[in-house]
Amino acid sequence: MLMGASVWIVNLAVLIAVLEADLGRRKITWFRIARPLLLSAVIIPVYIKHPASSGSGLALEVAGAVVGILFGLSAGAVMKVHRDPATGRAVSYAGMGYAALWIAAIGARLFFVYGANHIFDRQLGHWLVNNQISSDALTDGLIFMAVTMTLSRTATLVTRAVTAKPAAVTQAGSLAAVN
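Under my numbering, the first residue of the sequence shown is numbered 75, with each subsequent residue one higher.
Shown next, in the form of structure tokens:
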């Protein structure tokens, strides 16, 4: 059971792009929203060659996408979003909890890929055969998971930016996000 470098490349590209774009206090700009959309637009046609169109392979790919959406919504919920009182622009703040969620999700996927090739390759191979799932469908499911995690995080960020309220100034003089 050998999953190609595509899963590693996609997952590491997603992790680097998201952490670089989101960690710390960041303005929410059109480029910050467009970058994950462009990344996904490149990843899907380059790495998804023969998606399953029926059966258990399709179910696995859909399940990967659904899990990615749930992780992306969780990541979006961990981020704080408010309007900067000085500029009125939407800004976000993502800290160590946000980074830990992304690292854990992508680390788990990469561990699964490593395990599929070196630890539980026989068991996984039997499972795939018994359930009539191709290794391509498994790889595609992992890629769909990475892409939908990024897209759902972006959708959450856009929604929260549009509805963001100004930050309140606390008694200590620091800003605290209202939503």
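We put the CB at the ideal spot given by N, CA and C, even for glycine.
It should be emphasised that the depicted structure is a prediction, and the values quoted were computed from it without experimental measurement.
Taking residue i and residue j to be in contact with their CB atoms under 8 Å, please state how far apart those CB atoms are, rounded to whole angstroms.
i, j, result
"M254", "A139", "Any answer about residue 254 is impossible in this case: the structure gives the chain only from 75 up to 253."
"L216", "L202", "Going by Cβ atoms, the distance from L216 to L202 rounds to 13 Å, so no, they are not a contact pair."
"R183", "V92", "14 Å between Cβ atoms; not a contact."
So what does residue i bridge to, in DSSP terms?
i, result
"S166", "R100 and V155"
"P240", "R157"
Considering residue i, what are the terminal residues of the alpha helix (DSSP H) in which it resides?
i, result
"S226", "S209 to V236"
"Q197", "D195 to N204"
Touch test, the stretch 217 to 234 against the stretch 141 to 155, Cβ-Cβ under 8 Å, three pairs minimum = Taking 8 Å as the limit for Cβ pairs, the verdict is that the stretch 141 to 155 does touch the stretch 217 to 234.
Quick one: any contact between the stretch 174 to 183 and the stretch 130 to 149, if contact means 3 or more CB pairs under 8 Å?
-> Under the Cβ criterion (8 Å, minimum of three pairs), the stretch 174 to 183 counts as touching the stretch 130 to 149.
Looking at C-beta atoms only, is the number of pairs between the stretch 182 to 197 and the stretch 117 to 125 that lie closer than 8 Å three or more?
-> The stretch 182 to 197 vs the stretch 117 to 125: no contact.
If you pair each beta-carbon of the stretch 103 to 122 with each one of the stretch 83 to 95, do three or more pairs fall below 8 Å?
-> The answer is yes - the stretch 83 to 95 touches the stretch 103 to 122, with three or more Cβ pairs under 8 Å.
Secondary structure, alpha helix (DSSP H): runs of 4+ residues fully inside the stretch 109 to 138 | Counting whole runs of 4 or more residues, the stretch 109 to 138 contains no alpha helix (DSSP H) stretch at all.
Indicate whether the contact test is met: 3 or more Cβ pairs, each with one atom in the stretch 129 to 145 and one in the stretch 162 to 170, closer than 8 Å.
-> No, the stretch 129 to 145 does not touch the stretch 162 to 170.
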